[in-house]
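So the protein lines, in turn, are chains A and B. In terms of the numbering used here, the first sequence is residues 11 to 317. In terms of the numbering used here, the second sequence is residues 90 to 494. Shown next, in structure tokens, is the structure this report addresses.
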Amino acid sequence: MDESQSPEGLREQLFRAGYIADEDLASLVWMGLALERPLLLEGEAGVGKTAIAAASARALNRPLLRLQCYEGLDLAQSVYEWNYSRQLLEIRLTEAGAGDRAALRDNLFSEAFLLERPLLKAIRCAEPCVLLIDEIDRADEAFEAFLLEMLSEYQVTVPELGTLQARSKPLVVLTSNGTRDLSDALRRRCLFHYLDFPTLARETQIVRSLVPEAAGRLVEEAVAFVQRLRKQDLEKIPGVAETLDWVRVLFKLGHNGLPVDPQLLVPSLAALLKTRTDRWLVTSDTVAKLLDGPRIAQDVGVAGAMK
Amino acid sequence: MLATPVPPTPRHTPATAPAIAEATDPREQLGEFAHYLRAHGFALGYAEVDLMARAAAALPVMQWPRLEALWRGIASGSQTQWTRYTALHQAFWFPHKVRGTTRSSGLTQKSRSLPEVVAQMHKDMANQPPGAAKPSIGVADQAGSGNPDAPDASPKAQGGASRSAPQDTRDFSDWLPGDMDRFEPLVEAFKRRLRAKLMRRLQDHPERGAIHLRRSLRQALSTGGELVQLHHVRRKRRLPKVVVLVDVSRSMETHAQFFLRLGRALVEVMDARAFVFHTRLAEVTPLMRTRSKRIQEKVNAVSFGFGGGTRIAHCLGEALDVHLGRSLKSGDIFMVLSDGYDTDAPEDLSAVLARVKARGARICWLHPTVERPQSEAMRLAAPHVTHFMPVHNLASLSKLPELLA
């Protein structure tokens, strides 16, 4: 039986693809597959929203198509564009007597002259793929409105051609950092999941599996440190991606555990703290306090969760 | 055919939900649940309910505990709803668990002080249509109050009070913290009235506007000189900027936090720049943008550490010269939230406001008193103020768009 037939099986597949998903997230991805509904993932930057799409593609053995949204994104860059140069070339060739005029008239606006961009490509794939629409909150509302047709009916309307139906239905993953409110219409078409920062146990597990070369003590202490750092009043709270970077930096510096002297640690914090205010806020005194916090084995619930 | 969508536990006791105790058809039960969620602010349509049923049918029967995660994904549309869903799900489908926990452990949840409970009740009453909400969670959720046999557990316990409390006309100083979420819609209305200003500078537009010949011809080089794609340009439009300055001196103590809240709404909705002033001035825009729980403490630390007096003219001058620089332009809105009691020389305020006006900005003075501020400084400065507006309750705030008239 295909493992993706059940949420537990899919979770296993995601784990093998290098993504440690909690039960809820795995269930949601499974539901997205079972009900053919897009997933809308919201959360702080660096918690693994984009990574779940890549991991799903690997786990399901599907190609990944990615559309990075930005202000001013239009249909020509996201859906389709007519290949004007090629059309003109064909016209010139026909005029020069090298082609059939009637056939050209019928075919000038056909799929042969259509340049497929990610959204169209995703639904015209023979095999289902994973479509990642990254940072949808950066795109304009007009583009969001266009997505409604594509996400609910899995079809795209090209005025010259008519409606292009999906050959296969992709697993669509939309991510948002919450910089602006998405429309209710879009939200209603999606399955929603809010990705929060992982718990200590889960984050330790993630770092262990993705940075296997780092010593176990280093990983545990570093993750515990980051978890405490997140409770500080920072402008930009470090995500999992930052923790991974930091552990890699510490490993390259030759540490097997967090150094006792906070001064040694402060330069490496560049991997965790990404704004000037945060750098200014987290002084060596703050680092010393964070280092002196309860060690990992004493943190509530960790020992149990790790078993 | 629908599989078993509900957990194999009795859903409601007659004491807590007499109206829905008889529902046995899974779809009917699901409908009741959707109704319950709607009463708590979830936007669930028929499509979502159908999807919930399909999700339940698709899930292997043995894995029914996962249903909560699946339905949560379908029903929620925002982080707030995402966070609330679990409690609602538990309260609806497993009310005995909710009450059981309360009984066995006494205080399992964070205890609330009476003002918080009152504030929450106010908020709930304002958000829910009368009679739509089921009382089970509202009562059982509170530690020590989940006795189903108590006479107050009947629906009338929550639905009896009138929601026609004259909150709109109540002074801000009488407001409870829970009432303050009502600024955003008013500021939205204000934003809708803002008109963009047409500039002389041109800007690319994908499909409308005059044809930019030079760019179109340049583009045509890639198609052998044929003008296949045209470049359009339109005159640039610029939305007026809003600058809001909140007086947090001692004389404004009772109103300052409401004005700060209004300032925050303006920052969030209209991307305004916010300042607080006292005897000195400080910009608080970044603090108001940060969704930190400690924002109020930070703003307080910035604003209340200065002293007792007010130097309005000096602070407005500093905002204009140091912080705003040349960014304040024609059509922008310079909004001062103050009672007008100034310790600077009376003519200073008039001079500063004249400079603001000379830039073409509109000066709106929002005062917490019903009457216009009567101080000498204000009397001299009044000719430069485009609009005075009393903001002492919600009804007066609803006139905010009139500032743009």
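By construction, the Cβ of each residue, glycine as well, lies at the ideal position given by its N, Cα and C atoms. All of these numbers come straight from a predicted model, not from anything done at the bench.
Residue 92 of chain A is bridged by DSSP to A:124. Among the residues facing chain B, residue 16 of chain A is included, as its CB has a counterpart in that chain under 8 Å away. Using a Cβ-Cβ cut-off of 8 Å, residue 31 of chain A does not count as an interface residue toward chain B, since no Cβ of chain B sits closer than that to its own.
The C-alpha of residue 428 of chain B lies about 8 Å from the C-alpha of residue 340 of chain B. In this structure, the straight-line span from the alpha carbon of residue 474 of chain B to that of residue 175 of chain B is close to 52 Å. Note on residue 138 of chain A: 16 or more other CB atoms within 10 angstroms of its CB, so buried under the neighbour-count rule.
In the three-state DSSP reduction, residue 437 of chain B falls in the helix class (H, G or I).
When secondary structure is reduced to three states using DSSP, residue 295 of chain A falls in the helix class. In this chain, the alpha helix (DSSP H) harbouring residue 122 of chain B covers 115 to 128. Per the Cβ contact rule, the stretch 175 to 184 of chain A is not in contact with the stretch 95 to 105 of chain A (fewer than 3 Cβ pairs under 8 Å).
Here residue 257 of chain A carries a helix assignment [DSSP, helix/strand/coil]. The C-alpha of residue 272 of chain B is placed about 39 Å away from the C-alpha of residue 46 of chain A. For residue 118 of chain A, no beta strand (DSSP E) segment is defined, and its DSSP state is neither H nor E. Straight-line measurement puts the Cα of residue 317 of chain B at about 10 Å from the Cα of residue 310 of chain B. Residues of the stretch 286 to 300 of chain B with a Cβ closer than 7 Å to any Cβ of chain A, in chain order: 295.
Within the stretch 405 to 471 of chain B, complete beta strand (DSSP E) segments of at least 3 residues are found at 422 to 426 and 451 to 456, given in chain order. Contact with chain B is absent for residue 136 of chain A, since none of that chain's Cβ atoms lies less than 8 Å from the residue's Cβ. Taking 8 Å as the cut-off between beta carbons, none of the residues of the stretch 434 to 453 of chain B comes near chain A.
Cβ-Cβ distances below 8 Å link residue 171 of chain B to 161 and 165 in the same chain, with the five nearest sequence neighbours on each side left out; the list follows chain order.
The C-alpha of residue 420 of chain B is placed about 27 Å away from the C-alpha of residue 459 of chain B. Contact annotation, residue 464 of chain B with residue 399 of chain B: C-beta distance approximately 10 Å; criterion of less than 8 Å not satisfied. When only Cα atoms are considered, residue 235 of chain A and residue 158 of chain A end up about 43 Å apart. Taking the CA atoms as reference points, residue 241 of chain A sits about 16 Å from residue 231 of chain A. When the alpha-carbon of residue 284 of chain A is set against those of A:271, A:249 and A:275, the nearest one is in A:249. Taking a beta-carbon distance threshold of 8 Å, residue 66 of chain A does not count as an interface residue toward chain B. Interface annotation, residue 311 of chain B: in contact with chain A, CB-CB separation under 8 Å. DSSP lists B:294 and B:300 as the beta-bridge partner residues of residue 321 of chain B. Between residue 145 of chain A and residue 126 of chain A, the alpha-carbon positions lie close to 21 Å from each other. Annotation: the continuous alpha helix (DSSP H) that includes residue 172 of chain B extends over 168 to 182. Counting along the chain, residue 108 of chain A sits inside no beta strand (DSSP E), nor does DSSP assign it H or E at all. In the displayed model, residue 476 of chain B falls within a strand according to three-state DSSP. Nearest to residue 118 of chain B by alpha-carbon distance, out of B:141, B:130, B:303 and B:483, is B:141. For residue 143 of chain A, the uninterrupted beta strand (DSSP E) run begins and ends at 140 to 144, by DSSP. When the beta-carbon positions are compared, residue 133 of chain A and residue 180 of chain A come within less than 8 Å of each other. Secondary structure of residue 202 of chain A (DSSP, three-state): strand.
Your pair residue 360 of chain B and residue 322 of chain B does not check out as a contact, with CB atoms roughly 25 Å apart and the cut at 8 Å.
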